[in-house]
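Reviewing the structure listed below.
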Amino acid sequence: MRWEDISGQERAVRLLRGALEGGRVHHAYLLAGPEGVGKELLARTFAQAANCEVDDPRARPCGSCPSCRGIERGNFPDVSFLMPQTELLARGLVSRADLEGVPSKEIRVDDVRALARRLSFAALRGRRKIAIVTPADAMNERAQNTLLKTLEEPPAGTTFLLVSTNPDALLPTIRSRCARVRLGPVPEDALVARLLREGVAEGEARERAGRAQGSFSRALAAQGEWRELLEQVEDALAAADEREALDLAEAHGDRDAALEVAEAVQGWTRDLLVSRSGGSPQVRELAARAREIAERVPPHRLLGQAALCADVIEALHQNGNGRLQLERLLLGTRELRHV
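Here the sequence shown is numbered in my numbering, starting from 853 and rising by one per residue.
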């Protein structure tokens, strides 16, 4: 990976690249921004640039030297990742047999202490030790307080990169000791270009990019998944009673899953308003259904649905209960539709 491969985040790239090339590296950075906009990719690229073996700092990272390749594979000794056990399992970095009990969704105090022990030793191969904490807001309060002690007296030659979609969940004392690097939504043309490189047809690439709300991960997700999810939502909203909506909320009760549903409904609500004005929805396979709903539901109720989506998404970003917030969204939308 090279700096030039990070699309749509030019300001963040300039800040981190300039710090490395100018020898002004801060001991800790907080990479904050929406889901799927390249925060962890930026952190990895920084780690590669900090340890790349080419002589010219302006040519780092090269992406092909042993250090760059080792960091890309996740087995470079001077770059450490701190993440919840559930994320380690999902990425295949540990097996279920390696863990005791139920895998934790939190980054725990023992995890932070183990990281601090690793960082206390001198670098083995690289110029700089890097610790990437992702997502940093998964640290519980004890873990954050433990990390704070390390941030107050960081080991020499070490940089922490805290990756977060919800930096307000971090202790103010953690945030104050980090240089914040803000990443915004990725421009739609950059999303389209990335999808085209992935082999997606141009029409579908533009459709996905339009729905993705500036997120690479959403743009790369299969379009069929969005369509199937929205069909389930609309079936629940149209059902004779609330049972189907409650079942859907329970099935997606994890906070991240609930957030995905809420953001899909938010995008779909925009489609309904566009259809109401005679435009074409982003999910073209549901165009007929969008027109039918838009003709039946008054615009002020669609606007109420949009406001409800925004409220629920905000609550989920503030660590609200996924199932309860999704029930609030689905039952509230049912009420708006059926009045």
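Quick reminder that beta carbons are idealized off the backbone N, C-alpha and C, glycines included.
query	result
Using the rule of at least 16 other Cβ atoms within 10 Å of the residue's Cβ for burial, across every protein chain shown, is L999 buried or exposed?	buried
Using the beta-carbon count (16 or more within 10 Å), is D907 buried or exposed?	exposed
Thinking just about the alpha-carbon of each residue, which of L941, E887, L971 and R876 is nearest to the one in R1034?	E887
Candidates Q900, L1047 and T986: which alpha carbon is nearest S859's?	L1047
Assuming T1010 is part of the beta strand (DSSP E), what are its boundary residues?	T1010 to S1016
Between the beta-carbon of R979 and the beta-carbon of G1009, is there less than 9 Å?	yes
Taking the Cβ atom as the reference point for each residue, do L868 and L894 lie within a distance shorter than 9 Å?	yes
Label N927 either buried or exposed according to how many other C-beta atoms from any shown protein chain fall within 10 Å of its C-beta, with 16 as the threshold for buried.	exposed
Run through the DSSP bridge pairs and tell me what F933 is partnered with.	I984
Is R1049 close to chain D, meaning its C-beta is less than 9 Å from at least one C-beta of that chain?	Considering every chain present, this structure includes no chain D. It has just one protein chain.
Looking at the secondary structure, which residues open and close the beta strand (DSSP E) in which A880 lies?	A880 to A884
Who are the near neighbours of R1128 in its chain, counting only those whose CB is closer than 7 Å to its CB and skipping five residues on each side?	A1146, P1151 and L1154
Counting only runs of 4+ residues fully inside the stretch 1029-1068, write out the alpha helix (DSSP H) ranges in chain order.	1040-1049 and 1054-1063
In its own chain, which residues sit with a C-beta less than 6 Å from the C-beta of K957, not counting the 5 before and 5 after it?	P936 and T938
Report the rounded CA-to-CA distance for E1050 versus L1072, giving the unit in angstroms.	9 Å
Anyone know if the C-beta pair for R1186 and A1103 falls short of 9 Å?	no
Which of the three DSSP states, helix, strand or coil, is assigned to I1145?	helix
What separation, rounded to the nearest whole angstrom, lies between the Cα atoms of E873 and A990?	31 Å
Can you give me the C-alpha to C-alpha distance between P1099 and A1088, rounded to a whole angstrom?	Before going further, note that residue 1099 is Asp rather than Pro in the sequence given. Computed Cα separation, rounded: 9 Å.
For the putative contact between A880 and L1014, defined by C-beta atoms under 8 Å, what is the C-beta separation to the nearest angstrom?	7 Å
Report yes if the CB atom of T1017 is closer than 9 Å to the CB atom of G885, and no otherwise.	yes
Whole angstroms is fine: what's the gap from G1105's alpha carbon to G870's?	42 Å
State buried or exposed for T1121, treating a residue as buried only when at least 16 other CB atoms are found within 10 Å of its CB.	buried
Based on the DSSP secondary-structure assignment, which residues constitute the bridge partners of I959?	M991
Give the range of the alpha helix (DSSP H) segment to which V889 is assigned.	Here V889 belongs to no alpha helix (DSSP H), and DSSP marks it neither H nor E.
Please look up how many angstroms separate the CB atoms of F1012 and A983, rounded, as I've assumed it's under 8 Å.	5 Å
Taking Cβ positions, are A1101 and R1189 nearer each other than 9 Å?	no
Are G1174 and A1109 touching if we call contact CB-CB under 9 Å?	yes
Nearest-angstrom Cα distance between E1056 and E1040?	13 Å
Among the candidates K1001, K981 and G953, whose CA atom is the shortest distance from the CA of V964?	K1001
For the candidate residues L1178, A1045 and L1081, whose alpha-carbon lies nearest to that of E1094?	L1178
Let me know if L945 comes out buried or exposed under the rule of 16 or more other beta-carbons within 10 Å of its beta-carbon.	exposed
Short check: CB of Q861 to CB of G1036, under 9 Å?	yes
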